[in-house]
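Shown next, in structure tokens, is the structure this report addresses.
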Amino acid sequence: MTRFRPHADSVQLRVTVDVDVVATSVEGALHIDDVLLRAIRPSFDWVNGSIAETAVSTGGRSFTWDTSYGQSLVADLLEDGVSSVKGYVYEPYLTAVGSPSVLLDAYATGYSMAEAHAMANLQIGWMGVVVGDPKMAPYADRFHDVRLVDVRNVGNVTQGLDSTLELVVENHGMSAANGRIEIRDVQGSALLSTTNLTLPAGNLSGSRVLLPLNVTVDRAGWIDVQIRYVASEVHAEVTTDNNLLLHRYWSNAPPEVLDIRCLGQSAYRGDTVLCEVEATDDLNVTGAHLQWSVRNETTNATSAWEDLVLGSSNERVWWSTFSLSGNATLLPTGVLDLRAVVMDVSQAITVVEQRGVMNVLNAPSTWFGPHVSGVDETPWTGALLPPGVPSVGLPRGATSDVTVCVSDVDHDPVGEAPSLSVVRKGGTSLEEARVVAWGEVDVNPSLSCTSWNVTLPEGLPLDDLDYVVHVMGEERLRRRFLVSDQAPQVSLSLRDERGSDLARAFGDGSEVLHITYTDADDPGAGAVGDLIVTWSGQAARVLPLQIAAGAQQTNLTLEAPNNPLEEGDLRVEVVLSGAHGAQALASLERELSLTPPNIEAAVLCDERGSAEELRFGMEVWFGARVISSRPLQEAVVTIEQEGWRSTAPPWTQGETETSPSTSCASQIPDDEHAKWFRLRPDRAFVNGEASVGLRATDIDGASTRSVLDLLLRHAPPEIGAVTVNTTGTAGDPVTLTADLTDLDGVLGVACRLTVRDEEGAVVHDGDARVVAFTEEEAELSATWLSVGTINGTLVQSLRCVDVDNEYDEIDVPIELAPADRTSEEDPSDGPAEAGSERTPVWMLAVPLLLLVALVTAFFARSKPEPLDETSGAGMSEEAQEALWGEASDAPAPALQRPEGWSVEQYAAWLDGPQPEGWTEEAWSSFVEEQSALNQ
3 MTRFRPHADS
13 VQLRVTVDVD
23 VVATSVEGAL
33 HIDDVLLRAI
43 RPSFDWVNGS
53 IAETAVSTGG
63 RSFTWDTSYG
73 QSLVADLLED
83 GVSSVKGYVY
93 EPYLTAVGSP
103 SVLLDAYATG
113 YSMAEAHAMA
123 NLQIGWMGVV
133 VGDPKMAPYA
143 DRFHDVRLVD
153 VRNVGNVTQG
163 LDSTLELVVE
173 NHGMSAANGR
183 IEIRDVQGSA
193 LLSTTNLTLP
203 AGNLSGSRVL
213 LPLNVTVDRA
223 GWIDVQIRYV
233 ASEVHAEVTT
243 DNNLLLHRYW
253 SNAPPEVLDI
263 RCLGQSAYRG
273 DTVLCEVEAT
283 DDLNVTGAHL
293 QWSVRNETTN
303 ATSAWEDLVL
313 GSSNERVWWS
323 TFSLSGNATL
333 LPTGVLDLRA
343 VVMDVSQAIT
353 VVEQRGVMNV
363 LNAPSTWFGP
373 HVSGVDETPW
383 TGALLPPGVP
393 SVGLPRGATS
403 DVTVCVSDVD
413 HDPVGEAPSL
423 SVVRKGGTSL
433 EEARVVAWGE
443 VDVNPSLSCT
453 SWNVTLPEGL
463 PLDDLDYVVH
473 VMGEERLRRR
483 FLVSDQAPQV
493 SLSLRDERGS
503 DLARAFGDGS
513 EVLHITYTDA
523 DDPGAGAVGD
533 LIVTWSGQAA
543 RVLPLQIAAG
553 AQQTNLTLEA
563 PNNPLEEGDL
573 RVEVVLSGAH
583 GAQALASLER
593 ELSLTPPNIE
603 AAVLCDERGS
613 AEELRFGMEV
623 WFGARVISSR
633 PLQEAVVTIE
643 QEGWRSTAPP
653 WTQGETETSP
663 STSCASQIPD
673 DEHAKWFRLR
683 PDRAFVNGEA
693 SVGLRATDID
703 GASTRSVLDL
713 LLRHAPPEIG
723 AVTVNTTGTA
733 GDPVTLTADL
743 TDLDGVLGVA
753 CRLTVRDEEG
763 AVVHDGDARV
773 VAFTEEEAEL
783 SATWLSVGTI
793 NGTLVQSLRC
803 VDVDNEYDEI
813 DVPIELAPAD
823 RTSEEDPSDG
833 PAEAGSERTP
843 VWMLAVPLLL
853 LVALVTAFFA
863 RSKPEPLDET
873 SGAGMSEEAQ
883 EALWGEASDA
893 PAPALQRPEG
903 WSVEQYAAWL
913 DGPQPEGWTE
923 EAWSSFVEEQ
933 SALNQ
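Mapping to the numbering used here: the sequence shown position 429 is 431, numbers consecutive.
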């Protein structure tokens, strides 16, 4: 055999045979056969710890290559890298070859190499040769080794009770232990306890522990148990002979109950009961409990078990007392069942139950009531009530609380729940009454009380009623009551016409009294009574008042008082009687607010629009919107200037031919609040600023004033209709006439005529005569004599000036032809003609100067007193003579008291401070004069 080791990556093997044929004749034959080559080297690698088994007769006989017997050697596998291998020195037969399924499984599980071969071949010592480390194992940390060291009892072990054993256990292996501890009774192999166990590897902290084990036995005496550790995995542990311990301990027997008894044959709910338990034990009884319950044999209702601790003086007879609950819901009537629980020093417990020890009965009861809230005195103790019928009746249409109480220690709120019914005096039930159970209420801690809400129907007759209480179908209480008639309820509120509440009264008739009437127990019934209205400063006024049936609200408008009011309050009282005569009273007071009139807007208008100035003789209208909550007593407009005052008369549309501008007048709405006045100041006013004031006063004396500024201007004179009367020849007289108009009055108007020639030289300069034929109209005339030597175009300038220096002037041209001088010229006539020309001029100048003086004197006399406005369209000749006469007598003084002022008011004003613009001397003279005339 030739040992051939191809490369590990080789995939093909080629064998070449060299045949050397000699070129000689040789007798014979050469045969080359097909050769089947098989790879005997494994195609895998060996890892550290790998093992192998062979089935070669002499593979383990020699480790030398090229043996003569030609079989493979285990040395081949060792050379390939296996860590351990088994071979044979002679024919082992198959029975002596290791079982691969056992060998590999044991080794893979974690057993060592020697252990795995020993388990796989029981005849390993016959022909086998094992090469390798016997302790070699692929998984050295896979196995754990749990050792049960020792066990002991913790305290006494008692039959039927949990006991504790303490076990010392440790892990010697290199792997963590995971399994359970089982405790089995040797007698019958009954499993008594199972406890899971997990320990870390033996070289780690916690691999040795003291493990408590709970165990319960069901018999007394000596008990033998086996304590064994069982791994969770089958092959997790190799050594198992240290996994078992045997343990013996003594089991204590529980105590024995000899008797259970109570004192008496029966008891009421709420009573106290004495019961005893007699018990014994092999050692001693250390404690006893008694549990009790009441059971109704008919309904099978059972109360909850109650537990109480018993006491003893000899550790044999144990006793105690307990109270039967008075709560019928928790404790039914029936029989008493007892259960004794006895324990010994080892905490062994014996429980014995005895049924029907004694009878439990219902306790007797006493009822009180019924008590009605709002009728009987409150608070109520729940016990006694005054005898007889209460003086206060039951309300109708309202809900009353009705309460009854019972003295019953075991009152059953369900089975013994009372019921309430309302019965008429004749015995019939009042079906209309609504009775709603409210349930139990807390009135007295020692009593059980039940309450209802009882509502009697509205409109019920006032006959007596009985309240009857039944318990379990038996009448227990009856009480009689009166039926009351509740007084109606009336509420008042003061509102305006829109329904909004008023905090004050104004007395303008806009107050509306809102009355709400409610009769709770007679709804829909009407009422009659009185309404009493009292305004401050006036006597009370009583008015009849009726509320119609079915009406709950009504509105009454309070009539505005026509007489003056005083500062104070408005008081309204309502007295009403209901259906059964019960009275309802209500009153309301509101502060009376006497507000002065309100001047919302004020304007000055003329015929063209808004006016800012007033010319004498022209008209301006004062318009205002005056709103007053009370009737107006007066509205007066006055024009004032430097202490002088004039009253303007009221004006209505259509009263005069002229009227204010529509655009201006539209600022004042045309309604009942609009007030218009016509302004026409007299001649006592002068040019300059003035004020126009409106004072509005109501019947209560409250007033408001609004003032507008106005500029007063006198009207200028106007010259019109000029006529010139002339011959047109120089040297003849020329007469100029014209119409004169002055809205301020023509008295005091002075006119002057000036004539100039073409070069501007004055030909004539003199006053013109003014003759008045009305207060505002006059005619003026002037005559002048032209000089004969002056001809051509002359300009006549006529200028008129009134007392306020307002003026008007016009120029009137005139053509004069030269004088005719064709007659004989006598030198001696020259001087005579010249003289004749001069004489008329002087004769005309004298009367003209006299006329100017007279007019000036008359104006100074007549200006302080204005003309009478009632004068006619023209003046008589006698009047003109009086105007232009030479009389200089001063007019008699007149009373200047403003219109609407009383004597007292004017006197108070005269006694007041000196007005602005007056001198002290003039004011003193005026006061002295007016005081004498103010009668």
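C-beta atoms are modelled at their ideal positions from N, C-alpha and C, and glycine is treated no differently.
Residue interval of the beta strand (DSSP E) (run including residue i)
i    : result
E476 : E476 to F483
M345 : G336 to D346
S631 : Run containing S631: none; DSSP gives neither H nor E here.
T649 : W646 to A650
E575 : G570 to S579
H370 : As written in the sequence, residue 370 is Phe, which differs from the His given in the question. Start and end: T368 to V374.
S495 : Q491 to R497
Pairwise C-alpha distance: residue j and residue i
i    : j    : result
L396 : V456 : 10 Å
D895 : E644 : Checking the displayed sequence, the identity of residue 895 turns out to be Pro instead of Asp. One C-alpha to the other measures close to 20 Å.
F687 : Q898 : 14 Å
N180 : L80  : 38 Å
N205 : M176 : 7 Å
E867 : E657 : Any reading at E867 must be qualified, since the residue scores a pLDDT of 38, below 50, and its modelled position is unreliable; no value is offered.
T785 : D810 : 19 Å
R186 : E235 : 21 Å
D11  : A238 : 40 Å
P633 : R627 : 14 Å
D465 : V437 : 19 Å
L405 : G428 : The sequence given here has Thr at residue 405, not Leu. Rounded to whole angstroms, T405 to G428 spans 24 Å at the Cα level.
E839 : V789 : In this prediction, E839 has a pLDDT of 37, which is less than 50 and means its spatial position is unreliable; nothing more can be read from the coordinates.
G531 : A586 : 9 Å
T430 : V391 : 19 Å
Residue i - containing alpha helix (DSSP H), residue span
i    : result
L1   : With the chain covering 3 to 937 only, the question about residue 1 has no answer from this structure.
L80  : V76 to D82
F928 : E922 to L935
Beta-carbon spacing of residue i, residue j below 7 Å
i    : j    : result
S450 : L363 : no
S348 : T274 : no
T556 : V514 : no
T160 : I183 : no
R506 : R592 : yes
V470 : R482 : no
I262 : A365 : no
A770 : L782 : yes
G89  : G51  : no
S409 : T452 : no
G580 : D521 : yes
L312 : V259 : no
T166 : P256 : no
R149 : E168 : no
Identified DSSP bridge partners for residue i
i    : result
S938 : No answer is possible for residue 938: the residues shown for the chain start at 3 and end at 937.
E901 : In the DSSP output, where bridge partners are listed per residue, E901 has none listed.
D468 : V425 and R482
F324 : V275
P94  : Its beta-bridge partners do not exist; DSSP assigns none.
W454 : V404 and A439
Q643 : W646
Top-ranked residue by Cα proximity to residue i, from the options
i    : options                   : result
T241 : R210, N254 and H174       : H174
A780 : D741, D465, I792 and F624 : D741
E659 : V638, R647, P599 and D608 : D608
D35  : C277, F46, V19 and R617   : V19
W307 : E317, R318, W382 and S295 : S295
A588 : N316, P598, N158 and V492 : V492
F145 : G134, V131, E168 and A108 : A108
R801 : P719, T776 and I816       : P719
S207 : V929, E258, N564 and E172 : E172
S327 : D412, L745, L265 and G223 : D412
S448 : T776, W920, N329 and N793 : N329
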